[in-house]
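Chemist: Attaching a single structure in structure tokens format; questions to follow.
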Amino acid sequence: MTALNSPRQFATTDNASVVVFDFETTGMSPQQGDRVIEIGAVRLEDGVIADQFQSLINPGCPLNPFITDLTGISDAMLATAPDAEAVISDFQRFVACTPLVAHNASFDRRFLIAEFCRFGHKVPLAIGCSMLAARRIFPDAPNHKLGTLVSYLELPTARRFHRALADASMTAALWLRMEQELCSRYGFEKVPFALLKRLGQIPRAKADRFLQQIAGRPQDRN
DNA sequence: TGCCAGGCCCTCTTTAGGGCCTT
354 MTALNSPRQF ATTDNASVVV FDFETTGMSP QQGDRVIEIG AVRLEDGVIA
404 DQFQSLINPG CPLNPFITDL TGISDAMLAT APDAEAVISD FQRFVACTPL
454 VAHNASFDRR FLIAEFCRFG HKVPLAIGCS MLAARRIFPD APNHKLGTLV
504 SYLELPTARR FHRALADASM TAALWLRMEQ ELCSRYGFEK VPFALLKRLG
554 QIPRAKADRF LQQIAGRPQD RN
């Protein structure tokens, strides 16, 4: 594992490709038996969506009505969906060794670990969080829910929220918007995945100073 | 509608509490 603490390390850590993903699930906790019911993902390559992945998953149990109301996904839709092992294997091949991004990644990471471990896949280590990065780049947003940020930043809006591919696509648009914002504010030519991921781990009060240091601008700027 | 879990993060803090975010 490589610790990223210095500007020099970011200069040599450049991922032109990331996979932005989102899970719809039966509930909040894989530790309490909740399962993934839909995976949506898009592959960003050099700032554009180069590929996408979407599949429902039959969890083998009826959905809580709350989840059907929230997502629009019904038991009937899942009855003919493939089982988790097949979809997770396909998703693992889609991801391969590409760094991952999700909105509030701590939630999706728990399900990713649970499902990948269930079927013996190696768990990806590099997962960036668009919510943590957005809290530092857009501290004045009304809040940092995905839908709020999409509206606040006037990003392209999918037909609906709480479907995996739609949410993944909007998260990808947010990720790209944050890259553009850092290029504009700090003069970066490119924003590596590792920089945005690391930014989300910096205390908010130190985020601007951290970015100025990376940009080689030690003096405060507005 | 709000709870469920759990990591993050702020404050009236750090031997803690509670809001934010995800389904």
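Going letter by letter, the first sequence gives residues 354 to 575 in our numbering. Heads up, the beta-carbon is just placed ideally off N, CA and C, and yes, glycines get one too. Keep in mind it's a predicted model, so treat the numbers as computed, not measured.
(1) Starting from the C-beta of valine 440, find all residues in its chain whose C-beta is less than 6 Å away, skip the five residues before and the five after it, and write them out in chain order.
(2) Would you report the Cα separation of threonine 366 and alanine 547, rounded to the nearest angstrom?
(3) Just the C-alpha distance for isoleucine 402 and alanine 394, rounded to the nearest angstrom, thanks.
(4) Helix, strand or coil: which one does DSSP assign to cysteine 450?
(5) Is the distance from the Cβ of threonine 451 to the Cβ of valine 372 below 8 Å?
(6) Among residues of its own chain, excluding the 5 on either side of valine 544, which ones have a beta-carbon nearer than 6 Å to its beta-carbon?
(7) What does the Cβ neighbour count give for proline 412, buried or exposed, with the cut at 16 atoms within 10 Å?
(8) Determine the contact status of leucine 527 and glycine 481, defining contact as a CB-CB distance below 8 Å.
(9) Could you check whether the segment 502-509 touches the segment 376-395, counting it as contact only if at least three pairs of C-beta atoms, one from each stretch, sit closer than 8 Å?
Modeler: Concretely, from the data shown:
(1) The residue you call residue 440 lines up with position 87 of the first sequence. Spatial neighbours of valine 440 in its own chain (CB-CB distance under 6 Å, excluding positions within 5 residues in sequence) are listed in chain order as Ser408, Ile410.
(2) By 1-based counting over the first sequence, the position of residue 366 is 13. By 1-based counting over the first sequence, the position of residue 547 is 194. Residue placement at threonine 366 is poorly supported in this model, since its pLDDT is 48, which falls under 50; the coordinates still yield a value, given next. The straight-line gap from Cα to Cα measures roughly 7 Å.
(3) The residue labelled residue 402 in the question sits at position 49 within the first sequence. The residue labelled residue 394 in the question sits at position 41 within the first sequence. C-alpha separation (whole angstroms): 10 Å.
(4) Numbered from 1 along the first sequence, position 97 holds the residue referred to as residue 450. Three-state DSSP puts cysteine 450 in coil, outside helix and strand.
(5) Along the first sequence, read from residue 1 onward, the residue named residue 451 stands at position 98. Along the first sequence, read from residue 1 onward, the residue named residue 372 stands at position 19. Contact flag set, yes.
(6) Indexing the first sequence from 1 puts residue 544 at position 191. If we look at valine 544 and ignore the five residues flanking it on each side, its Cβ neighbours are Glu532, Leu535.
(7) Counting from one through the first sequence, the residue named residue 412 turns up at place 59. Around the CB of proline 412, 16 or more other CB atoms lie within 10 Å, so the residue is classed as buried.
(8) Numbered from 1 along the first sequence, position 174 holds the residue referred to as residue 527. Numbered from 1 along the first sequence, position 128 holds the residue referred to as residue 481. A distance of 8 Å or more separates the beta carbons of leucine 527 and glycine 481.
(9) Fewer than three Cβ pairs drawn from the segment 502-509 and the segment 376-395 lie within less than 8 Å of each other, which leaves the two stretches out of contact.
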